[in-house]
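So the mapping is simple: the numbering used here equals the position in the sequence shown, first residue as 1, plus 37.
Everything on this sheet refers to the single structure shown next.
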Amino acid sequence: MRELKNTCRAAIVQATPVMFDKARSLEKALTLIDEAARNGAELIVFPELFLPGYPFGMTFGFTVGSRKAAGRQDWKQYYDNSLLADGPELRQLMDKARALGIYLSMGYSERDAVTGTLYNANMMIAPDGRAMNHRKLKPTGSERVVWGDAERDYFPVMDTPWGPMANLKGISLYISPNTNDNPEWQNTIRHIAIEGHCYFLNADLIFRRSDYPRTAGAEAEIAALPDIACRGGSCFIDPFGHEASETVWDREAIIYADLDMQKVPASRMELDCVGHYARPDVLELRVNEK
38 MRELKNTCRA AIVQATPVMF DKARSLEKAL TLIDEAARNG AELIVFPELF LPGYPFGMTF
98 GFTVGSRKAA GRQDWKQYYD NSLLADGPEL RQLMDKARAL GIYLSMGYSE RDAVTGTLYN
158 ANMMIAPDGR AMNHRKLKPT GSERVVWGDA ERDYFPVMDT PWGPMANLKG ISLYISPNTN
218 DNPEWQNTIR HIAIEGHCYF LNADLIFRRS DYPRTAGAEA EIAALPDIAC RGGSCFIDPF
278 GHEASETVWD REAIIYADLD MQKVPASRME LDCVGHYARP DVLELRVNEK
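Right, dumping it as structure tokens:
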């Protein structure tokens with residue numbers, strides 16, 4: 038492993054987007070990025086689908102074998118507020134990262150410029166404005182009626198002064214934008230950090246039932262949600278599975294941590310799943326690259 042910069046001052050933004058409004062959500066994101074940078078953050082991570090929000094609890098009128106006209110209207114609103122990977126909103130974020138000299142990770146709903154298919158995407162941006170787009174390989178459960186499956190070309194790894202950074206294992210900084218406030222998830226993220234011997238950056242949304250805009254066909258679905266539809270739970274976990282920050286629930290916050298990157302190689306003394314701990318003669322993983 039090459040020499041790493043010893044410390045990364047990172048920030049996870051646990052915040053509420055302006056639901057289904059890409060322009061106002063972007064405006065809020067830019068303000069929060071400025072705040073985190075003023076507090077010394079070199080890496081700033083936003084949750085899943087911060088632009089323009091996660092439509093938690095909505096069905097868009099889908100049932101097996103049928104759709105509803107009002108659901109189509111709601112889906113079209115979400116489609117219209119999804120972003121092009123090379124569109125003006127992402128370019129503003131690239132300009133902001135360049136101006137502040139930061140690394141930035143932003144979760145957003147991507148609208149493909151050719152097909153119009155939506156993807157649950159995450160854009161990693163370097164201080165020079167270079168951007169890498171990740172698409173969720175397999176949307177979970179009923180997410181599949183909104184977002185398509187990613188192709189194999191959408192799993193980028195960004196080189197940073199602290200080691201490789203990505204939305205997958207085998208790296209130093211595991212970026213995990215999500216909308217998962219289940220207690221069980223807190224156990225899962227610790228296991229991933231231990232097994233991957235990486236820092237796990239758990240960036241979760243916080244939003245309330247009252248944050249939803251008026252819809253054409255989802256009023257009853259939204260009314261049935263709890264007051265806090267997604268409670269957050271964002272935090273940093275170190276390569277030994279220990280908390281590297283507080284875990285924040287039920288409020289907006291920017292969570293800061295000074296990550297000791299020397300823990301990454303140190304943690305691999307006893308367990309390195311892709312190195313000395315591997316047994317390819319017993320277990321082999323094959324990836325289809327055709």
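Idealized CB from N, CA, C, for every residue including glycine.
Check, Outcome
"Roughly how many angstroms lie between the CA atoms of Ile231 and Glu221, to the nearest whole one?", "16 Å"
"Check whether the stretch 108-118 and the stretch 66-86 are in contact - that is, three or more C-beta pairs closer than 8 Å.", "no"
"Between the stretch 298-311 and the stretch 257-264, are three or more C-beta pairs nearer than 8 Å?", "no"
"The alpha helix (DSSP H) with His355 in it runs from where to where?", "With the chain covering 38 to 327 only, the question about residue 355 has no answer from this structure."
"For Asp248, which of helix, strand or coil comes out of DSSP?", "helix"
"Taking DSSP's pairing of strands, which residues face Thr68 in a bridge?", "DSSP lists no partner for Thr68."
"Thinking just about the alpha-carbon of each residue, which of Gly153, Glu321, Ile291 and Asp297 is nearest to the one in Val183?", "Gly153"
"Straight-line CA distance for Arg19 to Met56?", "Because the chain in this structure spans residues 38 to 327, residue 19 falls outside the shown range and cannot be described."
"Can you tell me where the alpha helix (DSSP H) holding Gly335 begins and where it ends?", "What is shown of the chain runs 38 to 327, which leaves residue 335 out entirely."
"DSSP state of Met195, grouped into three classes?", "strand"
"So Met126 packs on Leu63, CB below 8 Å; how close in whole Å?", "According to the sequence shown, residue 126 is Glu rather than Met. Indeed they touch by this definition, with Cβ atoms about 5 Å apart."
"Ile274 and Ala281: beta carbons closer than 8 Å?", "yes"
"Assign Thr216 to one of two classes, buried (16 or more other C-beta atoms within 10 Å of its C-beta) or exposed (fewer than that).", "buried"
"Need the endpoints of the beta strand (DSSP E) that Tyr145 sits in, please.", "Tyr140 to Arg148"
"Indicate the three-state DSSP secondary structure (helix, strand or coil) for Asp58 in the structure shown.", "coil"
"Quick one: grab the DSSP three-state call for Leu41.", "coil"
"When you compare only the Cα positions, how much space is there between Arg167 and Ser142?", "12 Å"
"Near Gly94, which residues of its chain fall below 6 Å by C-beta distance, leaving aside the five closest residues on each side in sequence?", "Glu258 and Leu262"
"Identify which residue in Asp58, Thr284, Gln299 and Thr68 has its Cα closest to the Cα of Ala134.", "Thr68"
"Relative to the C-alpha of Glu188, which candidate in Ala158, Met195, Pro164 and Tyr211 has its C-alpha closest?", "Ala158"
"Would you kindly work out how many angstroms separate the C-alpha atoms of Trp286 and Ser271, rounded to a whole number?", "7 Å"
"Identify whether Ser304 lies in helix, strand or coil by the three-state DSSP scheme.", "helix"
"Identify which residue in Ala253, Tyr145 and Asp186 has its Cα closest to the Cα of Leu333.", "Any property of residue 333 remains undetermined from this structure, which presents the chain solely from 38 to 327."
"Have a look at Ala240, Tyr211 and Arg323 and flag the residue whose alpha-carbon is nearest the alpha-carbon of Asp218.", "Ala240"
"How many Å lie between Ala74 and Glu326 at the Cα?", "39 Å"
"Return helix, strand or coil for Leu127, following the three-state DSSP convention.", "helix"
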